[in-house]
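*Asks:*
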Amino acid sequence: MAAPERSGSLLGTVKAVLWGFLGVRQRAEYEKDIKRLNPLHLVVVGLVMAFVFVGALIALVNWVAG
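Per the working numbering: the sequence shown = residues 23 to 88.
Laid out in structure tokens, this is it:
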């Protein structure tokens, strides 16, 4: 039996990861995301956003420390 096709959009994946970073998510919305979004896309977008966040923090510290 083939795996079900998941047809989540990039914007939907980014929104789900952002809500996950904030830690504010309703259970029903989480369940919808699990059914709709591709887990590999979630991991990739999460890693990219984590690197962007760390890079932004490093840039901020360098700017403040001057």
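For each residue, glycine too, the CB sits at the ideal point set by N, CA and C.
With DSSP run on the structure shown, which of helix, strand or coil describes residue 59?
*Replies:* Locating residue 59 in the sequence shown gives position 37, where the first residue counts as 1. Residue 59 falls in the coil class under three-state DSSP.
*Asks:* Taking the alpha helix (DSSP H) that residue 34 falls in, what are its first and last residues?
*Replies:* Position 12 of the sequence shown, counted from the start, is the residue given in the question as residue 34. Its alpha helix (DSSP H) spans residues 32 to 44.
*Asks:* Kindly list the residues whose CB is nearer than 8 Å to the CB of residue 75, restricted to its own chain and excluding five residues on each side of it in sequence; keep chain order.
*Replies:* Position 53 of the sequence shown, counted from the first residue, corresponds to residue 75. Excluding positions up to five away in sequence, the list reads 43.
*Asks:* Applying the criterion that 16 or more other CB atoms from any shown protein chain within 10 Å of the CB defines a buried residue, is residue 69 buried or exposed?
*Replies:* Against the sequence shown, residue 69 aligns to sequence position 47. When all chains shown are included, residue 69 counts as exposed.
*Asks:* Roughly how many angstroms separate the alpha carbons of residue 86 and residue 78, rounded to a whole number?
*Replies:* Translated into positions along the sequence shown, residue 86 becomes position 64. Translated into positions along the sequence shown, residue 78 becomes position 56. Rounded to the nearest whole angstrom, the C-alpha separation of residue 86 and residue 78 is 12 Å.
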